[in-house]
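Encoded as structure tokens, the structure appears first; notes follow it.
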Amino acid sequence: MNDQPTSASTFAEQAFYFIERRRLADARRVLAQGLALHPQDPDLLFHSAQADWLDDDNASAENAVRQVLVSAPEHAPARQLLASLLIERDEFSDAELLLIGLLRDYPEHADLYGRYSRLMLRTLHLEKAEQLAREGLRYDPDDRECLLAAALCETARSGARPNEGLAKLLTNHPESLSSVHALVVALVDSGRVAEAHHIAQAAMRADPANEHLVNLVRELRIQNHWSMKPLWPMQKWGWGASAGMWIGAIVIMRTLERAAPGAAAPFAFAWLGYAIYSWVWPPLIRRIL
Amino acid sequence: MSNEDLLRPTLSDFTRVPALYHSTGFFLSAFFGGPVGAGLYALANTARLNRLTTDGAVILVIAAAAFLSPLEIARQGGLVPLGELLGMDPRRTGELLLRVLGLACFGAIYFRQRRFFRAATVAGVKPLPGWVPGIAAVVLGILANRALLGWILKHH
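Residue numbers (this note's numbering), protein chains in the order written: chain A, 1 to 289; chain B, 290 to 445.
What follows is the structure in structure tokens.
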């Protein structure tokens with residue numbers, strides 16, 4: 001690598017090298033040098049936006065990416081980044097228009113179908129999300145974005161049943177954070193919180209700076225805490241379990257009142273205590289841990 | 290759906306992005322408001338999903354069938370024997386029946402729309418606060434339950 005680059009492309013290459021390795025301070029240093037010499041270079045501005053985005057400075061990232069699009073309106077990575085920024089700001093319709101524009105320019109780019117599919121899933125258009133993921137996989141059966149979108153769609157539709165999309169994602173991209181994310185979501189959805197916690201912890205050890213993983217592990221730690229174990233039916237079957245348990249408790253209470261009146265009141269109090277615990281404890285433990 | 294259909298915009302600045310009210314509110318509306326509470330909260334949710342035309346009629350049928358079941362049970366002379374079986378007077382029996390039917394409604398509607406609830410969880414969509422539809426569903430549900438039980442006890 002040239003230590004004293006002068007051309008914009010060399011600065012951009014160096015910045016990309018650092019960004020890929022999450023060495024954002026080094027990337028910023030190189031970008032500052034490059035932009036001092038080439039203030040309007042689209043690639044340098046784009047990498048600057050990327051560094052800001054990875055650093056969660058979305059306002060600066062959007063500012064930089066819009067500057068890129070003024071001088072190079074067709075800059076595809078900048079358009080993709082702007083779409084991601086708009087999605088984070090809940091400006092879904094503008095993000096959709098950007099992604100459709102990109103897909104019209106690059107109709108065989110599977111990754112774009114995957115991104116669009118995840119936007120549709122985010123806005124609860126499940127059928128279209130599935131179709132987009134399928135369409136993307138026609139162009140590239142190994143595309144990570146499409147496999148992730150397909151796995152998430154399948155988790156949403158099938159819950160705890162065997163998930164072909166997830167199996168494919170894990171086989172083809174076992175190292176990817178997306179695979180970890182999809183696997184954890186599927187495990188939590190099927191009530192296997194302990195396994196999800198272990199997997200997320202292992203992933204966090206490999207990438208301790210990843211804020212998303214840190215938050216995920218924290219949430220799973222709460223859900224996997226010993227004091228949450230009595231609530232496992234709700235963790236596994238959600239509100240269905242809650243409704244079923246209430247109906248069951250009502251039937252048991254009425255039966256006890258007739259068959260063993262002495263046991264009815266203790267049961268009613270125990271049940272009421274459990275119900276209050278299930279409502280009060282989960283938000284409390286989130287504040288405590 | 291052809292590729293051209295897939296690339297037709299689904300979202301717009303003029304329509305609300307589909308979302309779901311908090312599922313806790315749905316459960317509590319069904320628990321306290323019975324079938325009417327469950328139905329009203331579910332209709333609010335379905336409206337936010339922009340699916341009233343596809344799911345609205347089904348929800349109305351489920352809620353109406355559950356709400357009118359005690360009436361049919363009373364017509365068949367089943368309310369008093371059921372009360373005797375449970376050791377309760379007919380009013381308490383009716384209230385309990387409506388609560389159980391409310392939870393059953395919740396289960397049936399949740400089962401029908403479960404893929405949207407799951408998609409929201411999977412995609413990390415934050416639920417909308419359900420205070421307004423929840424309170425409206427509980428109040429109207431309790432009033433409807435009282436009116437129905439009052440009518441049943443007066444006429445049967």
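Beta carbons are placed, not taken as given, at the ideal position from N, Cα and C, and that holds for glycine.
This one's a predicted model, so the numbers in the text were calculated from it and none came from an experiment.
By the DSSP assignment, the alpha helix (DSSP H) with residue i in it spans what residues?
i: residue 266 of chain A; result: 261-288
i: residue 94 of chain A; result: 92-105
i: residue 21 of chain A; result: No alpha helix (DSSP H) holds residue 21 of chain A; DSSP gives it neither H nor E.
i: residue 338 of chain B; result: First-last for residue 338 of chain B: undefined, no H or E at that position.
i: residue 120 of chain A; result: 110-122
i: residue 395 of chain B; result: 379-401
i: residue 444 of chain B; result: 420-444
i: residue 214 of chain A; result: 211-223
i: residue 204 of chain A; result: 193-206
i: residue 294 of chain B; result: 292-295
i: residue 367 of chain B; result: No alpha helix (DSSP H) holds residue 367 of chain B; DSSP gives it neither H nor E.
Just how far apart, CA to CA, sit residue i and residue j?
i: residue 49 of chain A; j: residue 318 of chain B; result: 46 Å
i: residue 108 of chain A; j: residue 136 of chain A; result: 8 Å
i: residue 384 of chain B; j: residue 323 of chain B; result: 9 Å
i: residue 180 of chain A; j: residue 224 of chain A; result: 18 Å
i: residue 376 of chain B; j: residue 321 of chain B; result: 22 Å
i: residue 425 of chain B; j: residue 439 of chain B; result: 21 Å
i: residue 64 of chain A; j: residue 82 of chain A; result: 10 Å
i: residue 335 of chain B; j: residue 242 of chain A; result: 22 Å
i: residue 374 of chain B; j: residue 368 of chain B; result: 10 Å
i: residue 22 of chain A; j: residue 72 of chain A; result: 26 Å
i: residue 296 of chain B; j: residue 70 of chain A; result: 25 Å
i: residue 19 of chain A; j: residue 283 of chain A; result: 37 Å
i: residue 56 of chain A; j: residue 413 of chain B; result: 18 Å
i: residue 433 of chain B; j: residue 390 of chain B; result: 14 Å
i: residue 192 of chain A; j: residue 404 of chain B; result: 19 Å
i: residue 202 of chain A; j: residue 213 of chain A; result: 10 Å
i: residue 2 of chain A; j: residue 60 of chain A; result: Annotation note: pLDDT 49 at residue 2 of chain A (below 50); position unreliable, no value reported.
i: residue 327 of chain B; j: residue 246 of chain A; result: 15 Å
i: residue 85 of chain A; j: residue 254 of chain A; result: 56 Å
i: residue 62 of chain A; j: residue 75 of chain A; result: 14 Å
i: residue 347 of chain B; j: residue 329 of chain B; result: 13 Å
i: residue 345 of chain B; j: residue 332 of chain B; result: 6 Å
i: residue 258 of chain A; j: residue 276 of chain A; result: 26 Å
i: residue 266 of chain A; j: residue 272 of chain A; result: 10 Å
i: residue 228 of chain A; j: residue 178 of chain A; result: 27 Å
i: residue 278 of chain A; j: residue 166 of chain A; result: 31 Å
i: residue 102 of chain A; j: residue 144 of chain A; result: 18 Å
i: residue 352 of chain B; j: residue 119 of chain A; result: 33 Å
i: residue 204 of chain A; j: residue 140 of chain A; result: 29 Å
Relative to the C-alpha of residue i, which residue among the options is closest?
i: residue 78 of chain A; options: A:99, A:91, A:90, A:89; result: A:99
i: residue 338 of chain B; options: B:440, B:409, B:436, B:424; result: B:409
i: residue 379 of chain B; options: B:312, B:295, B:306, B:443; result: B:443
i: residue 407 of chain B; options: A:246, A:116, A:189; result: A:189
i: residue 304 of chain B; options: A:240, A:92, A:241, A:263; result: A:92
i: residue 250 of chain A; options: A:261, A:259, A:268, A:263; result: A:268
i: residue 7 of chain A; options: A:26, A:33, A:20, A:28; result: A:33
i: residue 394 of chain B; options: B:371, B:421, B:363, B:358; result: B:358
i: residue 429 of chain B; options: B:356, B:295, B:416; result: B:356
i: residue 54 of chain A; options: A:210, A:246, A:139; result: A:210
i: residue 309 of chain B; options: B:416, B:381, B:434, B:300; result: B:416
i: residue 361 of chain B; options: B:346, B:387, B:344; result: B:387
i: residue 420 of chain B; options: B:315, B:371, B:300, B:341; result: B:315
i: residue 173 of chain A; options: A:146, A:117, A:274, A:234; result: A:146
i: residue 52 of chain A; options: A:39, A:176, A:168, A:27; result: A:27
i: residue 125 of chain A; options: B:423, B:402, B:422; result: B:402
Going by beta carbon distance, what residues of the same chain come within less than 7 Å of residue i, once the five residues before and after it are set aside?
i: residue 286 of chain A; result: 222
i: residue 418 of chain B; result: 311
i: residue 216 of chain A; result: 184, 200
i: residue 196 of chain A; result: 184, 187, 188, 220
i: residue 307 of chain B; result: 337, 338, 339
i: residue 363 of chain B; result: 441, 445
Leaving out the 5 sequence neighbours to the left and right, which residues in its chain are closer than 8 Å to residue i when beta-carbon positions are compared?
i: residue 121 of chain A; result: 129, 149, 152, 153, 156
i: residue 218 of chain A; result: 289
i: residue 58 of chain A; result: 52, 85, 88, 89
i: residue 236 of chain A; result: 190, 191
Report all residues from its chain with a CB closer than 6 Å to the CB of residue i; omit the five preceding and five following residues, and keep chain order.
i: residue 68 of chain A; result: 42, 45, 46, 75, 78
i: residue 15 of chain A; result: 27, 30, 31, 47
Segments assigned alpha helix (DSSP H), at least 4 residues, entirely inside the region 47-93 of chain A: 58-71, 76-88
Hey, which unbroken runs of the alpha helix (DSSP H) at 4 residues or more fall wholly within the region 136-190 of chain A? 144-158, 164-172, 177-189
Can you give me, in chain order, the residues of the region 237-261 of chain A that have a beta carbon less than 8 Å from any beta carbon in chain E? Of the chains in the structure shown, none is chain E; the protein chains are A and B.
Which runs of the alpha helix (DSSP H) at least 4 residues long sit entirely within the region 222-251 of chain A? Give them in chain order. none
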